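For the sequence shown, our numbering assigns the number 17 to the initial residue and increments by one for each residue that follows. Glycine residues also receive a C-beta, built at the ideal position from the N, C-alpha and C atoms. The model shown is predicted, which means the values in this text are computed figures rather than measured ones. Encoded as structure tokens, the structure appears first; notes follow it.
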Amino acid sequence: MRKIALAGALALLLTCPAPGHAATVGVVFQISTTKASSWKVAVRNIHNLEVAGTNGHHIEVVVLGPAIRILLKDSPVARNLKALHASGVTIDACEAAIVRARLKPGVILPFVHYVRSGVAEVVHRERQGWAYVRP
């Protein structure tokens, strides 16, 4: 029993940041609207985070609901998405939204990561301590 407690305490210490150092955190953006203005705000916000120096921060964009169509290969924002991906931003597509939109395999940009539920992914990230942004 004592070894288990010691192992647990050691694991806790290893996951805590050193005094004076911030833990690696992430920022999750939720895009659920088809409004071009929301997408432009999101891209600008992500760019501002990168310019400010997000060393050690992960940036994830979760696309769900009607916004799922922005992830199509022929989307007017496909070039922006490619640039975000190239800069290290993870872009997630909600599989439930893809099914509801009846999108065919192969129409989504190839670098997009799939999550079962976009809302569940956002909640999961918030529980991990990630900052949440919904432009």
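Next on the checklist: I'd like the list of long-range same chain contacts for residue 54, defined as Cβ closer than 6 Å, with 5 residues on each side in sequence excluded.
Outcome noted: 151
Item to check | Exposure label - residue 108; buried when at least 16 CB within 10 Å | outcome: By the neighbour-count criterion, in which 16 or more other beta carbons inside 10 Å mark a residue as buried, residue 108 falls on the buried side.
Checklist entry - Do residue 44 and residue 73 have their CB atoms nearer than 8 Å? => result no
Checklist entry - According to DSSP, which residues form a beta bridge with residue 107? => result For residue 107, which the question treats as bridged, DSSP gives the partners 77.
Checklist entry - Which of the three DSSP states, helix, strand or coil, is assigned to residue 37? => result For residue 37, the pLDDT reaches just 43, beneath the cut-off of 50, and the residue's location in the model is therefore unreliable, although a value from the coordinates is still provided. Of the three classes helix, strand and coil, the one that applies to residue 37 here is coil, per DSSP.
Next on the checklist: Does residue 88 come out as helix, strand or coil in the three-state DSSP assignment?
Outcome noted: Strand at residue 88.
Next on the checklist: Going by DSSP, what residue range makes up the beta strand (DSSP E) through residue 44?
Outcome noted: 42-47
Checklist entry - Using the C-alpha atoms, what's the distance from residue 65 back to residue 94? => result 20 Å
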